[in-house]
Amino acid sequence: TCFWKGVATMSKARSRTLVALVGAAGLLAQMALADGLPTSAEAFYGVTIENVHVTQGQRGKNATVNFVIDNFSYRDVYLQGISSDASAGGELFYKDAFGQSIIENGLPIMQDESLDLASSHIGARLTDLNSGLLPGDHLTLKLHFREGQIAILTHVSPQ
């Protein structure tokens, strides 16, 4: 059986949130909880999520979300979307020379693949913020996968 563990460290300019999903046979129960939903811990074995942060934004506007997902698991994982209690919604989207288009059917992250939103043609944002987000604020970001969702406490950084 497997378990997951969140590790957070603070640096001078920004904090880095790392969610390391680690396996260990026989140590914990067969089910883990991700944001209150029963989620098979084995579904996230070998997947790491790091460098998570949200840019500042005004109430009613959008805020950019950045993170890196490394999939060193034994199978593909599918990111369906993002959300936060700090906003009315969240979106994943493609960026290209012609603008942006919303990803509606989820985003596959193949086995042995990394997705870095800071340097990718894929983007993420929280939409219609409930209140202003200022550098140094903290919020809970939820990543929704086909296998369940993971809640990550992260910080707000300047644009």
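Here the working numbering runs 1 ahead of the position in the sequence shown, where the first position is 1. Quick reminder that beta carbons are idealized off the backbone N, C-alpha and C, glycines included.
Can you tell me whether residue i is helix, strand or coil according to DSSP?
i	result
S121	coil
D77	coil
L134	strand
R60	coil
G82	strand
V23	Because V23 sits at a pLDDT of 32, beneath the cut-off of 50, its placement in the model cannot be relied upon, and the following sentence gives the value as read from the coordinates. Reduced to three states, the DSSP call for V23 is strand.
Give the C-beta separation of residue i and residue j to the nearest angstrom, bearing in mind that I take them to be a contact with Cβ-Cβ under 8 Å.
i	j	result
S85	L127	5 Å
V78	V66	Between V66 and V78 the Cβ distance is about 18 Å, and since that is not below 8 Å, they are no contact.
G124	K96	5 Å
I153	I50	7 Å
R76	Q112	6 Å
H156	G133	That pair is no contact at about 15 Å.
Sort out for me which residues DSSP pairs residue i with in a bridge.
i	result
D71	T49 and S115
A152	K143
Q101	K96
G90	T128
P109	Y79
Closest to residue i by C-alpha separation, out of the options, would be which residue?
i	options	result
F68	P109, Q81, K62 and S115	S115
F94	L118, R76 and T49	L118
G91	Q160, N131 and A98	N131
L142	I83, G100, D97 and G133	I83
G47	Q59, F73 and Q57	F73
F99	H122, S88 and A89	H122
L108	Q57, R147 and D97	R147
S158	H139, Q150 and E51	H139
G149	L80, I104, R60 and Y75	L80
D129	N52, V53, R76 and A89	A89
L135	I151, A64, I110 and E105	A64
G61	F45, A87 and N52	A87
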